[in-house]
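Participant: So the protein lines, in turn, are chains D and Y.
Sequential numbering of the first sequence, starting at 1, is according to the UniProt record's numbering.
Sequential numbering of the second sequence, starting at 1, is according to the UniProt record's numbering.
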Amino acid sequence: MSSRSSDWWYDEAAGPMVRPYALVSGRTRPTWGRLNLATQVRSIRTSTETASLSVEHLEIIRLCRKPLSVAEVAAYLHAPLVVAKVLLSDLIQRGDVITSDPSRMATAPDMNLLQKVLDGVRAI
Amino acid sequence: MVSVQSDPQREELLVPSSVKIVVAGGFGVGKTTLVGTVSEITPLRTEELLTEAGTEIDDLAGVEGKNTTTVALDFGRITINPEVVLYLFGTPGQDRFWFMWDELSYGAIGAVVLVDTRRLDGGFGAIDFFERRGIPFVVAVNCFEGSYSYTADEVRHALDVSENVPLVLCDARDRESCKAVLARVIEHAMSKLDHAVA
Numbered sequence: 001m002s003s004r005s006s007d008w009w010y011d012e013a014a015g016p017m018v019r020p021y022a023l024v025s026g027r028t029r030p031t032w033g034r035l036n037l038a039t040q041v042r043s044i045r046t047s048t049e050t051a052s053l054s055v056e057h058l059e060i061i062r063l064c065r066k067p068l069s070v071a072e073v074a075a076y077l078h079a080p081l082v083v084a085k086v087l088l089s090d091l092i093q094r095g096d097v098i099t100s101d102p103s104r105m106a107t108a109p110d111m112n113l114l115q116k117v118l119d120g121v122r123a124i
Numbered sequence: 001m002v003s004v005q006s007d008p009q010r011e012e013l014l015v016p017s018s019v020k021i022v023v024a025g026g027f028g029v030g031k032t033t034l035v036g037t038v039s040e041i042t043p044l045r046t047e048e049l050l051t052e053a054g055t056e057i058d059d060l061a062g063v064e065g066k067n068t069t070t071v072a073l074d075f076g077r078i079t080i081n082p083e084v085v086l087y088l089f090g091t092p093g094q095d096r097f098w099f100m101w102d103e104l105s106y107g108a109i110g111a112v113v114l115v116d117t118r119r120l121d122g123g124f125g126a127i128d129f130f131e132r133r134g135i136p137f138v139v140a141v142n143c144f145e146g147s148y149s150y151t152a153d154e155v156r157h158a159l160d161v162s163e164n165v166p167l168v169l170c171d172a173r174d175r176e177s178c179k180a181v182l183a184r185v186i187e188h189a190m191s192k193l194d195h196a197v198a
C-alpha cells in the first residue's frame, strides 16, 4: 500500500507533485550529520511505532531491509540526496535504522581492506 | 529464539562497510559507460539540489524555484563480500559542480580520471583536483575506435602528469579492461599507503 501511495505522488511527466523539501518540512540539514553518499544504512527488523512516520519514512524502512547506501536510498526514492539524508537521520535517531560505523569512513581504507577490495574486483 | 552459539540476530543486522572509487573526466568521455560495465546493478542516478548560495537559510519556501540547480550523479555497485561493498561514483561533468567532489572523494580509495585523446583538456580539472588533495588516481585513456593514435608517453606529456601517476589504456565497454583499471587504482592506493607507512 505504501508503494502505491508513493507512486501516486510521482508523475513521470511532471516530476514529483510535492516539492522535495515539503517532504522534510523545509529542513535542509540532516539532524544526524555523519551520512556520506556511500554510508551503509539498514533498518532493524522490529520497528517501533510508525504512526508518526511519513510514507517516505516507511518506504525507506522497507528499502533498507537489506543494507543500502544513502545514495541508493535517494535514487530508489526519486528524492534528492539531501532529502534522503534528512529522512534517514530521522529514522536513525528513532532507532529504526542503523548505520555503518562512521569512524571507519572517516579515515582512508587500510591495507587489509584494500587487499580485500582488490581480490573482490579481480574476482567479478 | 536467540541462540547464543550462532547469534543469528547479530548476523542479520550486519551493516557492511563501504568503499568508493571516484570516476572523473570530461563530459561524454565514457564515465557512466565504465561504471555500467563493471557494476552489478544498472547504474543508478541520484540528484542533489544545489542551494549553496542559501545554505545559511534553512527555510527555502518560495526561493526553491530560483536558486536551485540539479546535479545528477551516476553510480554503480560491486558487492565485494557480505561485509564490504564498493561504490563507483561518476562525477558531474560540469566544472561548476566542483564542490560536490569533496563529498564524493571523502574517504575514497582513489580515483580514475578517464580521458579521451580527442579532448584531453577534459581531464585537466580532475587531475588538478586529485593532485592537490593527495588522492591516489590513475589516468585511463578510453580508446574509442580509431581514436587512439598516441603513445602512453605522449598522452602523459600532453596531460603533464608525473611518472608516479599510473597511465593505462582501456576500453570503457570492456569488462576485463575496466576491472584492470579499477585494480590499478587499488594497487596504486596500496603502494602510496605502503610508502606512507615506511
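Note that the Cβ used here is the ideal one computed from N, Cα and C, for glycine as well.
All figures in this text were calculated on a predicted structure; none of them were measured in a lab.
Along the chain, where does the alpha helix (DSSP H) containing D:ARG45 start, and where does it finish?
Facilitator: Here residue 45 of chain D refers to the residue found at position 45 when the first sequence is read from its first residue. Where D:ARG45 is concerned, there is no enclosing alpha helix (DSSP H), given that its DSSP letter is neither H nor E.
Participant: If you reduce the DSSP assignment to three classes, tell me which class Y:LEU14 lands in.
Facilitator: What you label residue 14 of chain Y is simply residue 14 of the second sequence in a count that begins at 1. Three-state DSSP puts Y:LEU14 in coil, outside helix and strand.
Participant: Count the other C-beta atoms from every protein chain shown that fall within 10 angstroms of the C-beta of Y:HIS195, then say buried if there are 16 or more, exposed otherwise.
Facilitator: Here residue 195 of chain Y refers to the residue found at position 195 of the second sequence. Result: exposed.
Participant: Nearest to Y:SER75 by alpha carbon, out of Y:THR33, Y:GLU83, Y:VAL84 and Y:TRP98?
Facilitator: As a first step, residue 75 of chain Y must be located in the second sequence, where it is residue number 75. It should be noted that the sequence gives Phe, not Ser, for residue 75 of chain Y. Minimum Cα distance to Y:PHE75 is reached at Y:THR33.
Participant: So, is Y:ARG184 buried or exposed, given that buried needs 16 or more other C-beta atoms within 10 angstroms?
Facilitator: Working through the second sequence from its first residue, we reach residue 184 of chain Y at position 184. That one is buried.
Participant: What in chain B is Cβ-close to Y:LYS20, meaning under 7 Å?
Facilitator: No chain B appears in this structure, whose protein chains are D and Y.
Participant: In terms of residues, what are the limits of the beta strand (DSSP E) holding Y:ILE127?
Facilitator: In the second sequence, counting from the first residue as 1, residue 127 of chain Y sits at position 127. Careful: Y:ILE127 lies outside any beta strand (DSSP E), inside the alpha helix (DSSP H) at 124–133.
Participant: Relative to the C-alpha of residue 199 of chain Y, which candidate in Y:ARG175, Y:GLU187, Y:ALA158 and Y:ASP174 has its C-alpha closest?
Facilitator: In the structure as shown, chain Y begins at 1 and stops at 198. Residue 199 of chain Y is therefore absent and cannot be evaluated.
Participant: Return the residue from the list D:ASP119, D:ILE44, D:VAL24 and D:THR48 that minimises the CA-CA distance to Y:VAL84.
Facilitator: Position 84 of the second sequence, counted from the first residue, corresponds to residue 84 of chain Y. Among D:ASP119, D:ILE44, D:VAL24 and D:THR48, the Cα nearest to that of Y:VAL84 is on D:ASP119.
Participant: Nearest to Y:GLY123 by CA position, among Y:VAL113, Y:SER162 and Y:GLU131, is which residue?
Facilitator: For the purposes of this step, residue 123 of chain Y is taken as residue 123 along the second sequence, with counting starting at 1. Y:GLY123 has its Cα closest to that of Y:VAL113, out of Y:VAL113, Y:SER162 and Y:GLU131.
Participant: May I ask you to list, following chain order, the residues of the stretch 58–79 of chain D that have a beta carbon less than 7 Å from some beta carbon of chain Y?
Facilitator: Within the stretch 58–79 of chain D, the qualifying residues are PRO67, SER69, ALA71, GLU72, ALA74 and ALA75.
Participant: Leaving out five residues before and five after Y:VAL35 in sequence, what residues of the same chain have Cβ atoms less than 7 Å from its Cβ?
Facilitator: Here residue 35 of chain Y refers to the residue found at position 35 of the second sequence. Excluding residues within five positions, the ones whose Cβ falls inside 7 Å are VAL23, PRO43, ASP74, PHE75, GLY76, LEU88 and GLY90.
Participant: Identify, in the order they occur along the chain, each residue of the same chain with its Cβ nearer than 6 Å to the Cβ of Y:ARG156, setting aside the five sequence neighbours on each side.
Facilitator: Within the second sequence, the letter at position 156 stands for residue 156 of chain Y. Excluding positions up to five away in sequence, the list reads LEU167.
Participant: What are the partner residues of Y:ARG109, as DSSP defines its beta bridges?
Facilitator: Within the second sequence, numbered from 1, the residue matching residue 109 of chain Y stands at position 109. According to the sequence provided, residue 109 of chain Y is Ile. The question's Arg does not apply to it. In DSSP, Y:ILE109 forms no bridge with anything.
Participant: May I ask you to report which of helix, strand or coil DSSP gives D:ASP119?
Facilitator: Taking the first sequence and counting its residues from 1, one reaches residue 119 of chain D at position 119. Helix.
Participant: Should Y:GLU103 be flagged as near chain D, meaning a C-beta pair shorter than 8 Å?
Facilitator: Numbered from its first residue, the second sequence carries residue 103 of chain Y at position 103. Chain D, which has a Cβ nearer than 8 Å to the Cβ of Y:GLU103, makes this yes.
Participant: To which residues of the same chain is Y:GLY25 closer than 7 Å at the C-beta, ignoring the five residues directly before and after it?
Facilitator: Counting from 1 along the second sequence, the entry for residue 25 of chain Y is found at position 25. So the qualifying residues of the chain are LYS31, VAL113, LEU114, VAL115, GLY122, GLY123 and ALA126.
Participant: Short of 8 Å in beta carbon distance, which residues of its chain neighbour D:ASN112, apart from the five on each side in sequence? Order them along the chain.
Facilitator: Within the first sequence, the letter at position 112 stands for residue 112 of chain D. Closer than 8 Å at the Cβ level, and outside the excluded window around D:ASN112, lies no residue.
Participant: Which one of D:ASP110, D:ILE60 and D:LYS85 has the shortest CA to CA distance from D:ASN36?
Facilitator: Locating residue 36 of chain D in the first sequence gives position 36, where the first residue counts as 1. The shortest Cα separation from D:ASN36 among D:ASP110, D:ILE60 and D:LYS85 belongs to D:LYS85.
Participant: Kindly indicate if chain Y contains any beta-carbon less than 8 Å away from that of D:LEU88.
Facilitator: The residue given as residue 88 of chain D occupies position 88 in the first sequence. Taking Cβ atoms only, chain Y never reaches closer than 8 Å to D:LEU88, which makes this a no.
Participant: Quick one, which of D:THR99, D:VAL117, D:VAL121 and D:GLU49 has its alpha-carbon nearest Y:PRO16's?
Facilitator: Here residue 16 of chain Y refers to the residue found at position 16 of the second sequence. Of the candidates D:THR99, D:VAL117, D:VAL121 and D:GLU49, the one whose C-alpha sits nearest the C-alpha of Y:PRO16 is D:THR99.
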